Every structure is written in C-alpha cells, then in structure tokens.
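Participant: According to this note's numbering, the stretch in the sequence shown is residues 48 to 289, in order. Just so it is clear, CB atoms sit at the ideal spot from N, CA and C, and this is done for glycine as well. This structure is a prediction, so every number in the text was calculated from the model and none was measured.
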Amino acid sequence: MSAIRTLIIDDDVAVAGIHHGFLLARGGFDVVAMAHTGQQGIDLAAELGPELVLLDIHLPDMSGLDVLQRLRARRRPVDVLVITASRELDTVRGAMAGGVLHYLVKPFSSQALNERLDEYVMLRDDLASGASGPLDQASIDRLVAPSRRSAVAETPAGQSTQPDQAAVRLPKGLSRPTLDAVIEALKASPEDVSAAGLALQLGLSRVSARRYLEYLVVHGHARLTPRYGAAGRPENRYLWRR
C-alpha cells in the first residue's frame, strides 16, 4: 500500500517539525505539507487532497474546530487526528462530533502517538480489504471502534514523557549499528549539524540520515532547530541533547 498522504496543521513550527520527523521515522506516511494557520491548512487541504490531517486546536486565526468543520464540508473525505494541548470538555465533544479518529493531548509519549497511528493503519487496511456487499454487525463494530475510543490521552503528572528506551523497537528500515554511528557523530559535534552534512560524514543518503536524526528528535535525544536562509526556506539542524 502506498504511503498515506498527510497534512500537519500546527501553529508551532518546531512542534510541526517534530510531528513530521516522527512520521518520517515511522514510515508509511508522506507529509505533503505543513500549515501554521487554519486558513493555510484549509487551502492546502483543498489543493493537495491529503488522506490524513494532524490538527492542532489552538491556531492563530481560527479554532481547529472551525478547520475541522470546513474540512468536513468538502466533498472529498479526509481523516483527522487531533493533537493539542486543549483539554476543555466542549472542545473534546466538538472534535468527536466532527468525527475525529483520536484526540491526543500534549504532552504525550511517542508510544501513545504510535499506537493511534497503528490503529489508523489497521482501520485503513480493514476498509481496503472489506467486502463490497452489506457488512454484518461485527464488521461494523470493528470499523467504528477507533472513533468510540477517541478519548483524551495524557501523561500522568510527574511521569516522564519519554518512552522506555529498552522497550523501543526501531522502525522498519532503521538499523541499530547505523543509529549508534549517528548518535556518536552527533555527540562528537560541538555544534548543530544538517542531515546532508551528517550523510556525507557517515556515507549515508540524505534521506536515511534524516530518518535517523528525526527518530532521535522524536525520542528526545536530539533537538531540531530550523535555520532560515536567504531563500526563506528553513534548513533543519540537529543537536545532541547533552
């Protein structure tokens, strides 16, 4: 199955970059664009036709619920996963009424996001392999279960948002020896590095180097900093968290 076309809508550039990196490291998702205002997200959704939207509620020009309503008004359906710091009951109910698949509250562990993405991928597989005829009750229950489980997930007070590294499995396509080499290179660098520079140093492709770097960002071991050049497009730089 082809990669799931995904649009990220979050007003925080760094947070949107972390989401992007997580999806890149996980595999199976293609981030077609990132938007930092509600209207920009609506316009990009109309232009690019994503299959999945990662949506924040707090946006500078409108509420994410307004964006959700506009997305639902389009003829082409799109799946929505809310990732936000908003915990108000009315907001959660509004999101659920808008048909979001999950409502995930910041801060959360990478495992929490990964579990919800796993559920989403399984749901898509079920829909793709479903019979063309009428469904029985068991099949319907299996398909609508994710929306019924769209409960608020949050990290208990005082608990670390970082996953247990001993239990972390590397995503498909990443190897432990190469990851160790990337870690050592980051630790040895006195300043932040680019994916291209690290790729040249270690003999990797730029895409591979970026996947490893984004994996480390997702798990809290490296920090991502966008650096804006003359062309206006940021270059992501990575620094080991010492």
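Is I56 helix, strand or coil by DSSP?
Facilitator: Here residue 56 refers to the residue found at position 9 when the sequence shown is read from its first residue. In this structure, I56 counts as strand in the three-state DSSP scheme.
Participant: Between H149, A61 and T53, which lies nearest to F76 when the distance is taken from Cα to Cα?
Facilitator: Mapped onto the sequence shown, residue 76 falls at position 29. Cα-wise, what sits closest to F76 is T53.
Participant: With the cut-off set at 8 Å, would you say A269 and R288 are in Cβ contact?
Facilitator: For the purposes of this step, residue 269 is taken as residue 222 along the sequence shown, with counting starting at 1. For the purposes of this step, residue 288 is taken as residue 241 along the sequence shown, with counting starting at 1. Yes, Cβ-Cβ distance for A269 and R288 is below 8 Å.
Participant: Would you tell me roughly how many angstroms separate the C-alpha atoms of P237 and R123, rounded to the nearest one?
Facilitator: The residue labelled residue 237 in the question sits at position 190 within the sequence shown. The residue labelled residue 123 in the question sits at position 76 within the sequence shown. Using only the alpha carbons, I get a separation of about 48 Å.
Participant: Kindly indicate the opening and closing residues of the alpha helix (DSSP H) around I89.
Facilitator: Within the sequence shown, numbered from 1, the residue matching residue 89 stands at position 42. Here the alpha helix (DSSP H) through I89 covers G85 to L95.
Participant: Residue ranges of each alpha helix (DSSP H) run of no fewer than 4 residues wholly in the region 106 to 191, ordered along the chain?
Facilitator: For the region 106 to 191, whole alpha helix (DSSP H) runs of length 4 or above, ordered along the chain, are 111 to 120, 136 to 144 and 157 to 176.
Participant: Distance check for A80 and V254, CA to CA, integer angstroms please.
Facilitator: As a working mapping, residue 254 is identified with position 207 in the sequence shown. As a working mapping, residue 80 is identified with position 33 in the sequence shown. Distance between the alpha carbons of V254 and A80 is about 17 Å.
Participant: Would you call A92 buried or exposed, if buried means 16 or more other Cβ atoms sit within 10 Å of its Cβ?
Facilitator: Walking along the sequence shown from the start, residue 92 turns up at place 45. The residue in question, A92, is buried, as its Cβ has 16 or more Cβ neighbours within 10 Å.
Participant: Can you give me the start and stop residues for the beta strand (DSSP E) that D77 sits inside?
Facilitator: Here residue 77 is taken as the residue at index 30 of the sequence shown, counted from 1. Counting along the chain, the beta strand (DSSP E) containing D77 begins and ends at F76 to A82.
Participant: How many angstroms separate the CA atom of H67 from the CA atom of T84?
Facilitator: Within the sequence shown, the letter at position 20 stands for residue 67. Within the sequence shown, the letter at position 37 stands for residue 84. Approximately 16 Å between the Cα atoms of the pair.
Participant: Between the Cα of Y259 and the Cα atoms of R274, L233 and T131, which residue gives the shortest distance?
Facilitator: Translated into positions along the sequence shown, residue 259 becomes position 212. Looking at the Cα atoms, L233 is the closest of the given residues.
Participant: Is it buried or exposed for G141, if we count other Cβ within 10 angstroms and need 16 for buried?
Facilitator: Along the sequence shown, read from residue 1 onward, the residue named residue 141 stands at position 94. So G141 ends up on the buried side.
Participant: I need the boundaries of the alpha helix (DSSP H) containing L247, first residue and last residue.
Facilitator: The sequence position of residue 247 within the sequence shown is 200, counting from 1. Element bounds for L247: A242 to L249.
Participant: V127: which of Q158, H105, S252 and G145 sits nearest, CA to CA?
Facilitator: Walking along the sequence shown from the start, residue 127 turns up at place 80. It is G145.
Participant: Taking 8 Å as the threshold (C-beta atoms), are I104 and V129 in contact?
Facilitator: Your numbering for residue 129 matches position 82 in the sequence shown. Your numbering for residue 104 matches position 57 in the sequence shown. Cβ distance < 8 Å, so V129 and I104 count as in contact.
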